[in-house]
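Have a look at the structure below, then the notes.
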Amino acid sequence: MSRWEAFREELRAHALESGWCALGVTGVEPFVEARRHGLDAIAAGRMEGMPWMTAERVAASTDLGPRYPWARSIIALAWPYRPVRGAAEHEGSTPRGRMAAYALLEQPGEPDAVDYHDVLARGCDELVAWLRERVPEVRAKRFVDHGWAMDRAVAERAGIGFTGKHAGLLTTTAGSYVLLAEIAVSLPLPADAPSKKGCGSCATCLPSCPTGAIIAPGVIDARRCISYLTIEHEGPIPHALRPLMGTWVFGCDLCQEACPINHRLAPPPLADTKHGRKGPVPAPDLVELLELDERGFAERFAGTAVARTGRARLARNTAIALGNAGVAATAASLRRAAAQDSDADVREAAAWALERVTAEVN
1 MSRWEAFREE LRAHALESGW CALGVTGVEP FVEARRHGLD AIAAGRMEGM PWMTAERVAA
61 STDLGPRYPW ARSIIALAWP YRPVRGAAEH EGSTPRGRMA AYALLEQPGE PDAVDYHDVL
121 ARGCDELVAW LRERVPEVRA KRFVDHGWAM DRAVAERAGI GFTGKHAGLL TTTAGSYVLL
181 AEIAVSLPLP ADAPSKKGCG SCATCLPSCP TGAIIAPGVI DARRCISYLT IEHEGPIPHA
241 LRPLMGTWVF GCDLCQEACP INHRLAPPPL ADTKHGRKGP VPAPDLVELL ELDERGFAER
301 FAGTAVARTG RARLARNTAI ALGNAGVAAT AASLRRAAAQ DSDADVREAA AWALERVTAE
361 VN
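Under the UniProt record's numbering, read the sequence shown as residues 1 to 362, first letter to last.
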């Protein structure tokens, strides 16, 4: 084993001890196939509503060399998070919603959910500090979600997983319940071999998407994806999609929950509701969410992934979820929101939901 191979294995062992569930290494050569897929998605309109996902960004994200000419290797990393199992839909007459499991990320010693961006950034910075203790002259640049790097393409080529038909990266350590990050470094670390695994003939995830957002294996039409609609989409959500969204108010995990690989490899699930915890919970009280004002939203969700939606967008999602829950006892809350909420999209969504709730009664 060469010096740098031994160093890579030492680094990998340290990363796993530090909370990462996978580490792989690849070179800085352009990610040609990822660039083609990204540009095709933009040209086909599948990224509509995300104006930051431009052809320029795709080109830059799939070729780090011109921006970081000192880079010799890219370290791919995966951080695990726990899925949700059996979240309550109702408690008496109180309908409860659903939030994507990654938003509920926990950390030892911290009772409330934490923003995964902060967790990954701290984890990357700790690894860079470890590298600099051993190679003081090393240069490094980390990428966490909003950085210009193709997370999944890097992870695939670095061998820490493969893209499933639901378009998520499937690892052997935590299934697709992982969050991805990368670190470009000036060290000549030997590359790991890409994974040769795949989904085979399984396509269980495709019909699990109620809005039909998985239009082909590994191909997502973001305009129909519940995660996009509840987190990124600005303005009213298309009426035709609303009844298909169920009670999701932030993100969606249905395709992951359907995946047989995840049934075997997912980390232990979170406990059910944790009503007393600050921030997102697996099954939030929908009436409580709808009635949060700006101050209440900030107090509850500051420092969590849900903060990025803003109060109005979460309330819009919550109103639609209440309409789909169809519980008559929520009519008064919906009526107040339809008449008094400061945001026009929330008022419209609440009026739509109120019609559905009162129709159930009549």
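Quick reminder that beta carbons are idealized off the backbone N, C-alpha and C, glycines included.
Whether P260 touches R82 by CB criterion (8 Å): No; because the gap between Cβ atoms is not below 8 Å, this pair is not in contact.
Inspect the CB distances between the stretch 313–320 and the stretch 286–305 and report whether three or more fall short of 8 Å. Remark: three or more beta-carbon pairs, one from each stretch, lie closer than 8 Å, so the stretch 313–320 and the stretch 286–305 are flagged as touching.
What residue ranges within the stretch 9–50 form continuous alpha helix (DSSP H) runs of no fewer than 4 residues, ordered along the chain? Here the runs fully enclosed are 32–43.
Looking only at its own chain, which residues have a Cβ that is under 6 Å from the Cβ of I183, when we skip the five neighbours before and after it? Contacts found: I75, C124, A140, R142.
Taking only runs of the beta strand (DSSP E) that begin and end inside the stretch 226–295, which ones reach a length of at least 3 residues, in chain order? Runs of the beta strand (DSSP E) inside the stretch 226–295: 248–250.
Within a Cβ cutoff of 7 Å, which residues of the same chain sit near L39, ignoring the five residues on either side of it in sequence? So the qualifying residues of the chain are A55, V58.
Nearest neighbour of P136, chosen from D151, G97, V185 [CA to CA]: Ranking D151, G97, V185 by Cα distance to P136 puts V185 first.
Apart from the five residues just before and just after T171, which ones in its own chain have a Cβ nearer than 7 Å to its Cβ? Apart from sequence neighbours up to five positions away, the residues of its chain that approach T171 with a beta-carbon distance below 7 Å are C21, A22, A78, I160, G161, V178, ordered along the chain.
Under the three-state DSSP convention, the category residue 363 falls into: Here the chain has residues from 1 to 362 only, and residue 363 is not among them.
On the DSSP letters alone, give me the boundaries of the beta strand (DSSP E) that P80 sits inside. Where P80 is concerned, the enclosing beta strand (DSSP E) stretches over 73–80.
Going by the DSSP bridge assignment, what does R98 pair with across the sheet? Note: R98 sits in a beta bridge opposite W248.
Using 8 Å as the threshold, is the C-beta distance between A34 and M150 below it? Cβ distance < 8 Å, so A34 and M150 count as in contact.
Report yes if the C-beta distance between A283 and R96 is below 8 Å; otherwise report no. If you check the CB distance, A283 and R96 come in under 8 Å.
Under the three-state DSSP convention, the category A181 falls into: Strand, per DSSP.
Inspect the CB distances between the stretch 322–330 and the stretch 292–307 and report whether three or more fall short of 8 Å. Contact fails: fewer than three Cβ-Cβ distances are below 8 Å.
Is R142 helix, strand or coil by DSSP? Strand at R142.
W352: buried (16+ other C-beta within 10 angstroms of its C-beta) or exposed? W352 comes out buried.
Taking 8 Å as the threshold (C-beta atoms), are C252 and I226 in contact? Yes. Within cutoff.
If you draw a straight line from the alpha carbon of A266 to that of S176, how long is it in whole angstroms? Answer to the nearest angstrom: the Cα atoms are 7 Å apart.
Since G161 is in the alpha helix (DSSP H), which residue starts that stretch and which ends it? Careful: G161 lies outside any alpha helix (DSSP H) and carries neither H nor E.
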